[in-house]
Amino acid sequence: MSEEILINVTPRETRVAVVENGMLQELHIERASRRGVVGNIYKGRVQRVMPGMQAAFVEIGLDRAAFLHASDILKPALAGEGDDAPPPPGPPPTINSLVHEGQEIVVQVVKDPIGSKGARLTTQLSIPSRYLVFLPHSRVLGVSARIEDEAQRARLKALMASLANGSGQGYIVRTNAEGQPDEALAEDVAYLQRAWGVIRAASASTRVGQRIYEDLALPLRAVRDLMRKDVDKVRVDSREAFEKLTTFANQFMPDLAERIEHYAGERPIFDLYGVEDEILRAMQKEVPLKSGGHLIIDQTEAMTTVDVNTGSFLGQRNLEETVYRTNLEAAQAVARQLRLRNLGGIIIIDFIDMTDDEHRRQVLRTLEKGLLHDHARTSVHEFSPLGLVEMTRKRTTESLERQLCEPCHECGGRGTLKTPETLTYEIFREITRAVRQFEASQLLVIASPRVVTKITEEESAAVAELEEFLGKSIRFQADEQYAQEQYDVVLL
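Each residue of the sequence shown is one higher than the last, beginning at 1 in my numbering.
Structure follows, in structure tokens:
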């Protein structure tokens, strides 16, 4: 499999695209006006404690107060025992026993503000490096589940136990550490210990609402988190960013530094790989399949739904085979679209009904296989009695659509508009209401050209009847500035 990372840098926006076998799989965007805050550590103040929610709202200097649940607060009694210690008997501590209003607290953002919700916080801090995640308040020594070789897992766990050296601090070994020499991980441990020393010193001197620690900018973060041995090259179109990335790579991943290239071509790098076209397609609800079928993806506040349709695909044998082939292709497409569109939360997939249990199993396995390359944590459940597949995908940032788009001003985000016919009868009712409330010899209705055309050309008889019924003259005026659902009834 060929994999490349493309980095497009402009003064106010940076975009990172992950391209596998010529197809866009992931897109990450960071804008100067709205940088993500996941991973940042702040000194906050507890603003309000909500016992009914077992949570608190914490002021950390963002536009909205952030949310801290009791389960995300480091329990003082367990701070020295680590996450591998058995939980104490009895009910978990209540939010009132953990924090109080006005308390200063050091917290880390685990989820960006999304929609109307504030950021999600934790006091269980974690600091990532190239190969490790450092857990200063835990004794856990874990290895990424994506490292499947048991010999490698055992080696890495023994090495981390040695490097931790009874410090009472924890580490999680990241996927990138597979096959790395002991010295590379030892260097990461030394770097993380230095970073932790700086954070601890800053925590004591920083004022409430200020940032103590900030994660790397997107280009550096992309190289740290996404660059692996199977990545063929990283191409960046900014000389300044290229130099920063090269310096970073030489320090932290010297064996991969030569794969970073500066792209100096005249044609925009995203155009060269067709990424801009893929981004436009990722904004559409309908996703065509090669077989002739298609997906319909609907993102709502509560969940994302994916509907699979055969479309024009007729198949070669019988209906069951046609459905099976379409669902197999759809499962692969769904896995890619979730990753590309960064869709998270609850996801419901309505595959075309299948009667064969083995076909269902194969479709589910195809979906799970497609999700293996996804960096976000996913959980897929079996087919429900209604033939639906329910799954979740961890959401830490806004979806691609919500980063790039806003609700339609004309329809208020509904995705539909009232028809000219519906608006015609609504206007007739408003005219009647106005005449009964106020004195007027005649009325003027100002509306969009499409609605006025509907009324004057197709409903002229109804207008004449209304004028006779009310005893008033009614004039209509089209205005290009009026949206389809906008109109005014003026009394003259």
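Using N, Cα and C, we set each Cβ at its ideal position, and we do this for glycine too. If you're wondering where the values come from, they're calculated on a predicted model, not measured in any experiment.
Reduced DSSP secondary structure (H/G/I, E/B, other) of TYR42
Locating residue 42 in the sequence shown gives position 42, where the first residue counts as 1. TYR42 falls in the strand class under three-state DSSP.
Are the stretch 39-52 and the stretch 88-108 touching by the rule of at least three beta carbon pairs closer than 8 Å?
Yes, since at least three Cβ pairs between the stretch 39-52 and the stretch 88-108 fall closer than 8 Å, the two stretches touch.
LEU404 burial status per 10 Å Cβ neighbour count (16 or more: buried)
For the purposes of this step, residue 404 is identified with residue 404 of the sequence shown, where counting begins at 1. Taking all protein chains in view, the Cβ of LEU404 is surrounded by fewer than 16 other Cβ atoms within 10 Å, so the residue is classified as exposed.
Identify the continuous beta strand (DSSP E) that holds ASN96 and give its terminal residues.
Counting from 1 along the sequence shown, the entry for residue 96 is found at position 96. Run containing ASN96: none in the beta strand (DSSP E); it sits in the alpha helix (DSSP H), 95-98.
Can you tell me whether SER71 is helix, strand or coil according to DSSP?
To locate residue 71, count along the sequence shown from 1; it is residue 71. Reduced to three states, the DSSP call for SER71 is helix.
Would you kindly work out how many angstroms separate the C-alpha atoms of ASP149 and PRO407, rounded to a whole number?
Walking along the sequence shown from the start, residue 149 turns up at place 149. Walking along the sequence shown from the start, residue 407 turns up at place 407. Looking at the two C-alpha atoms, the distance is approximately 47 Å.
Cross-strand partners of THR286 (DSSP beta bridge):
Along the sequence shown, one-based indexing puts residue 286 at 286. The sequence as given places Glu at residue 286; Thr does not occur at that position. Looking at the DSSP assignment, GLU286 forms a beta bridge with ILE296.
My understanding is that PRO219 touches VAL16, with C-beta atoms under 8 Å, so please give their C-beta distance in whole angstroms.
Working through the sequence shown from its first residue, we reach residue 219 at position 219. Working through the sequence shown from its first residue, we reach residue 16 at position 16. The pair is a contact, with the Cβ atoms about 7 Å apart (cut-off 8 Å).
Which whole-angstrom value is the C-beta distance of GLN362 and LEU328, which I expect to be below 8 Å?
The sequence position of residue 362 within the sequence shown is 362, counting from 1. The sequence position of residue 328 within the sequence shown is 328, counting from 1. Contact flag correct, Cβ pair sits at about 7 Å.
Return the chain-ordered ranges of every beta strand (DSSP E) run that is complete within the stretch 11-35 and spans a minimum of 3 residues.
13-20, 23-31
Residue nearest to ASP353 in terms of C-alpha spacing, selected from ALA461, GLY387, THR322
One-based indexing of the sequence shown puts residue 353 at position 353. Comparing Cα-Cα distances from ASP353 to each of ALA461, GLY387, THR322, the minimum goes to GLY387.
With a threshold of 8 Å, are at least 3 pairs of Cβ atoms found where one atom belongs to the stretch 107-125 and the other to the stretch 228-243?
no
Note down the Cα distance separating THR14 from LEU226, rounded to an integer number of angstroms.
Indexing the sequence shown from 1 puts residue 14 at position 14. Indexing the sequence shown from 1 puts residue 226 at position 226. THR14 and LEU226: Cα-Cα distance of roughly 16 Å.
What's the gap between the Cα of ARG450 and the Cα of PRO420?
In the sequence shown, residue 450 corresponds to position 450, counting from 1. In the sequence shown, residue 420 corresponds to position 420, counting from 1. PRO420 has its alpha-carbon roughly 7 Å from the corresponding atom of ARG450.
For LEU6, count neighbouring Cβ atoms within 10 angstroms of its own Cβ and tell me buried if that reaches 16, exposed if not.
Position 6 of the sequence shown, counted from the first residue, corresponds to residue 6. Under this definition LEU6 is a buried residue.
Is ALA494 helix, strand or coil when you go by DSSP?
There is no way to answer for residue 494, as the model of the chain reaches only from 1 to 492.
May I ask you to list the residues that DSSP assigns as paired with THR175?
Within the sequence shown, the letter at position 175 stands for residue 175. Paired residues: none, contrary to the question.
Out of THR392, GLU178, GLU4, which has the shortest C-alpha to C-alpha gap to ALA335?
Taking the first residue of the sequence shown as position 1, residue 335 is located at position 335. Answer by Cα proximity: THR392.
VAL189 and LEU163 - do their beta-carbons sit closer together than 8 Å?
For this step, residue 163 is matched to residue 163 along the sequence shown. For this step, residue 189 is matched to residue 189 along the sequence shown. Their beta carbons are under 8 Å apart, which means LEU163 touches VAL189 by this criterion.
Determine, using beta-carbon pairs with one atom in the stretch 304-313 and one in the stretch 271-281, whether at least three such pairs fall under 8 Å.
With the rule of 3 Cβ pairs closer than 8 Å, the stretch 304-313 does not count as touching the stretch 271-281.
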